[in-house]
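Working notes for the structure below.
Next comes the structure, spelled out in structure tokens:
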């Protein structure tokens, strides 16, 4: 650890100078040689560093979300080019470039803190040895050696020998109890921070290898910090515990105010927003309006949480508008107006379609059954003109009377045919017109 810390010796002077400046302020309040003055100086150093790293933290949040959204596409690329690693890497880089995602962005805050962490470790190691370091002269080094936090010197470690602890005017029991408690708190805060991210701010509808990786890190990181913590001075434990608490609070704020779509945190946020709209009758705040505006613009691509939110608005009598506001009543939102104009006829159910098909079949069979009856009736109509013509050319006498008796039969047949034709007309709903030569 000392070898690694020496690599960052170039930054020890700025770190030691910041600590000295904070010590001047807290020393005037609590006393220059107290643990409160030196401990709060380290805490203030952490706060200052983390404030400077807020832009990197925002990039980390965006990168983490982008990586979660890209996991299905990344998996598809891996399966498609599993035999060609070079092409696989090229497609991955192309995907990162198109989406503006940097896989290393999620590690930026930790990487950015590493130089300050090792520089502080180097400063505290020199304080334990009684050596001047950076902006700290011998007087300040001796003052820091006398500072105790709950009975443990800020330069003492869990693994220090009894002789070394006695040289710092402390007992080995106090040092180990204080360091053990701080190591447990440091590991617990690391675990809770990672668990908070996994359980509340992850889209559970998408199962990807990235989620399994994060779950593994949730259990591995606390163990790593616990093992490494026994070699950290009390001052470094204060530093790391403070940065973990800061990260946990910062992440809690981001999860509550800007949750990942599809996560439990988003559901809780939208329910709070729905309660506020129901109570006040409007969307209060520009940021909340932007959230509603984004959800309205999604249309049919809304997730379950967002659909539940819109259902709650509808039950409360509100309709979300395209600009992020809400109105009372039955007014359609901007996106629904266009859909209403393009509304298609109501689709029939399967039972309705089957009933219509059966009715069409019955009608067709009725028409086919009626056609032969009409065909049988039509020849009698054709015979009547011929018989009438024969009757008109017949002579007088017995021959004429014999021929004159013949038209009576077709007349009866014709009348019978007319009755059949009437029946057929009743079935079809339309009667056949009479032949022009038939007059009565």
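Numbering (this note's numbering), first residue to last: 50 to 489.
Virtual Cβ for every residue (Gly too), placed ideally from N, Cα, C.
Minimum Cα-Cα distance from residue 281 among the listed residues 144, 184 and 167 corresponds to 167. For the pair residue 326 and residue 276, the CB atoms are not nearer than the 9 Å cut-off. Residue 129 and residue 140 have their alpha carbons spaced roughly 10 Å apart.
At a Cβ-Cβ threshold of 9 Å, residue 228 and residue 286 count as neighbours. By the Cβ rule, the segment 262-271 counts as touching the segment 238-247, because three or more pairs are nearer than 8 Å. Where residue 285 is concerned, there is no enclosing beta strand (DSSP E), although the alpha helix (DSSP H) around it starts and stops at 283-306.
With a cutoff of 9 Å on beta-carbon distance, residue 196 and residue 86 are scored as near each other. Annotation for residue 377: the continuous beta strand (DSSP E) segment containing it runs 375-377. Taking the Cα positions, residue 222 is about 28 Å away from residue 72. Membership of residue 227 in the alpha helix (DSSP H) is indicated by the continuous run 221-249. The secondary-structure analysis by DSSP pairs residue 198 across a beta bridge with 201.
For residue 75, the number of other beta carbons within 10 angstroms of its own is at least 16, and it is reported as buried. In this structure, residue 92 and residue 169 do not form a Cβ contact; the two beta carbons are roughly 12 Å apart against a cut-off of 8 Å. According to the DSSP assignment, residue 343 belongs to the alpha helix (DSSP H) that extends over 335-347.
Between the alpha carbons of residue 96 and residue 230 lies a gap of roughly 22 Å. Around the beta carbon of residue 160, a 10 Å sphere encloses fewer than 16 other beta carbons of the protein chains shown; the residue is thus reported as exposed. Around the beta carbon of residue 187, a 10 Å sphere encloses fewer than 16 other beta carbons of the protein chains shown; the residue is thus reported as exposed.
In the structure shown, residue 367 adopts extended strand secondary structure according to DSSP, grouped into three states. A contact between stretches requires three or more CB pairs, one per stretch, nearer than 8 Å, and the segment 309-328 meets this requirement with the segment 352-359. Residue 194 and residue 278 have their C-alpha atoms some 20 Å from each other. Assignment of residue 182 by DSSP, reduced to helix, strand and coil, places it in the strand class. When secondary structure is reduced to three states using DSSP, residue 130 falls in the coil class, being assigned neither helix nor strand. The DSSP-derived three-state label of residue 312 is coil. Going by beta carbons, residue 249 and residue 313 fall inside the 9 Å limit. The C-beta distance from residue 190 to residue 183 rounds to 10 Å, too long to fall under 8 Å, and the pair is not in contact. Classified as buried, residue 61 has 16 or more neighbouring CB atoms from the shown chains inside 10 Å of its CB. The C-alpha of residue 132 is placed about 45 Å away from the C-alpha of residue 294.
In this structure, the straight-line span from the alpha carbon of residue 372 to that of residue 299 is close to 30 Å. Taking C-alpha positions only, residue 58 is separated from residue 358 by approximately 54 Å. Under the three-state reduction of DSSP output, residue 350 falls in the helix class. Sequence-distant Cβ neighbours of residue 362 in its own chain, meaning closer than 8 Å and more than five residues away, are 323, 326, 368, 369 and 375. In the three-state DSSP reduction, residue 81 falls in the coil class, being neither helix nor strand.
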